[in-house]
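Presented below is the structure to which this report refers.
Residue numbers (the working numbering), protein chains in the order written: chain A, 4 to 118; chain B, 20 to 132.
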């Protein structure tokens with residue numbers, strides 16, 4: 004158990020809908036990362052938050068957004084969903100935003116299925 | 020940007036044999052190379068990592084080697100056990116920012132009892 008929790012575990016929805024994925028980082032970790040894992044794209048970095056502020060953006064679509072709250076949990080919002088958004092979404096956390104000794108700890112993921 | 024290629028995509032070995040997974044990277048500025056193990060229904064878990072100032076690192080049955088000149092690194096698992104069956108991902112990071120990590124496509128390792 005990495006100490007990172009994600010809810011829900013599974014999510015099934017229809018095209019055009021909006022969903023929210025939730026992540027709680029390890030106790031004390033300030034940095035949260037979101038990743039998308041699909042069969043044909045592998046693990047892709049989406050976005051990073053550090054202590055409530057956005058720090059970096061990766062391959063995140065404009066239909067997707069995220070935020071990190073004062074208690075450090077984070078939410079990833081996916082809107083106008085398309086079939087191609089079906090994937091596993093992982094959250095990872097680390098103590099800082101950078102540092103040669105920092106390790107990312109991954110949560111168990113949320114499997115999103117768009118029908 | 021950084022591109023990480025991983026081979027093979029699937030690997031099947033007999034229990035007790037060794038398994039080797041190889042990755043190549045494109046950016047010579049990459050300096051941190053972690054390996055993750057992902058079991059079914061779980062998130063990736065760090066199993067070993069190596070930094071660019073080291074050529075080899077070992078942890079019990081797992082070892083990683085790095086060839087900076089050739090820009091490739093490998094994961095070696097000896098005396099494989101059925102519980103080693105999982106998907107393994109390599110990654111490469113430039114600088115010291117975790118948001119600059121690039122992952123390989125993964126290798127599905129099956130260890131037959």
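Virtual Cβ for every residue (Gly too), placed ideally from N, Cα, C.
Since the model is a prediction, treat every value here as computed from it, not as a measurement.
Check, Outcome
"Closest residue to residue 112 of chain B among B:123, B:88, B:62 and B:132 (Cα-Cα distance)", "B:123"
"Span separating the alpha-carbon of residue 58 of chain B from that of residue 88 of chain B", "32 Å"
"Below-8 Å beta-carbon distance, residue 106 of chain A vs any chain B residue", "yes"
"Simplified DSSP state of residue 21 of chain B, which is helix, strand or coil", "coil"
"Three CB pairs or more closer than 8 Å across the region 70-80 of chain A and the region 40-47 of chain B", "no"
"Residues that residue 98 of chain A contacts on chain B, provided the C-beta gap is smaller than 8 Å", "Those within 8 Å of residue 98 of chain A in chain B number zero; the least Cβ separation is about 10 Å."
"Residues near residue 60 of chain A by beta carbon distance below 6 Å, same chain, minus five either side", "50"
"The region 9-29 of chain A: positions lying closer than 7 Å to chain B by Cβ", "none"
"At least three beta-carbon pairs within less than 8 Å, the region 34-46 of chain A to the region 82-99 of chain A", "yes"
"Per-residue contacts from residue 87 of chain A into chain B (C-beta, under 8 Å)", "By Cβ distance, chain B contributes nothing, its closest Cβ being about 18 Å from residue 87 of chain A, past 8 Å."
"Of the residues A:39, A:118 and A:84, the one placed nearest residue 93 of chain A, counting alpha carbons only", "A:39"
"Min CB distance residue 56 of chain B to chain A below 8 Å", "no"
"Selection of the region 59-72 of chain B by Cβ proximity to chain A, strictly under 8 Å", "60, 61, 62, 63, 64, 65, 68 and 70"
"Range of the contiguous beta strand (DSSP E) that encloses residue 57 of chain A", "56-60"
"Pick from B:61, B:81, B:23 and B:85 that is closest to residue 72 of chain B, judged by C-alpha positions", "B:85"
"Contacts around residue 90 of chain A, its chain only, beta-carbon distance under 7 Å, and the 5 residues preceding and following it disregarded", "39, 40, 41 and 115"
"Between the CA atoms of residue 21 of chain B and residue 46 of chain B - distance to the nearest angstrom", "5 Å"
"Interface residues of chain A facing residue 10 of chain B [CB-CB closer than 9 Å]", "Not covered by the structure: residue 10 of chain B. The range shown for chain B is 20 to 132."
"Start-to-end residues for the beta strand (DSSP E) that takes in residue 117 of chain A", "113-117"
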